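Numbering (my numbering), first residue to last: 50 to 133.
Working notes for the structure below.
The structure is reproduced here in structure tokens:
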């Protein structure tokens, strides 16, 4: 994904142009004193991020889960049982 970097001042002063540029570049990284303080993303990039977050929450087949998952589950259940 290509993106551009702009200063926070330029972003604020040129917001109408930024709305157009973000559609072309996908992401505009906003810098203050050469440090990233935020990002402005296009609707297409936002949709991709939302899809990734949704997929992160997908169910998995129980056969595909490793022992670490079941150990963590046992600990969680035990801690829940200890705190009625």
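Backbone N, C-alpha and C fix where the C-beta goes; we use that ideal spot for every residue, glycine too.
On a predicted model such as this, the values are computed, not experimentally measured, just so you know.
Next item on the list: Please go through the region 66 to 133 and give each complete beta strand (DSSP E) segment of 3 or more residues, from N-terminal end onward.
Entry: 76 to 81, 84 to 90
Item checked: Spatially closest choice to residue 88 from 124, 103, 101, 54, by CA coordinates -> For the purposes of this step, residue 88 is taken as the residue at position 39 of the chain shown. Closest option to residue 88, Cα to Cα, is 54.
Note to self: At the level of alpha carbons, what is the spacing between residue 72 and residue 91?
What the structure shows: Sequence index remark: in the chain shown, residue 72 carries index 23 (1-based). Sequence index remark: in the chain shown, residue 91 carries index 42 (1-based). Going by the C-alpha atoms only, they are around 5 Å apart.
Notebook entry, point to check: From residue 66 to residue 103, what distance separates their C-alpha atoms?
Noted result: As a working note, residue 66 is residue 17 in the chain shown. As a working note, residue 103 is residue 54 in the chain shown. Straight-line Cα distance between these residues: approximately 31 Å.
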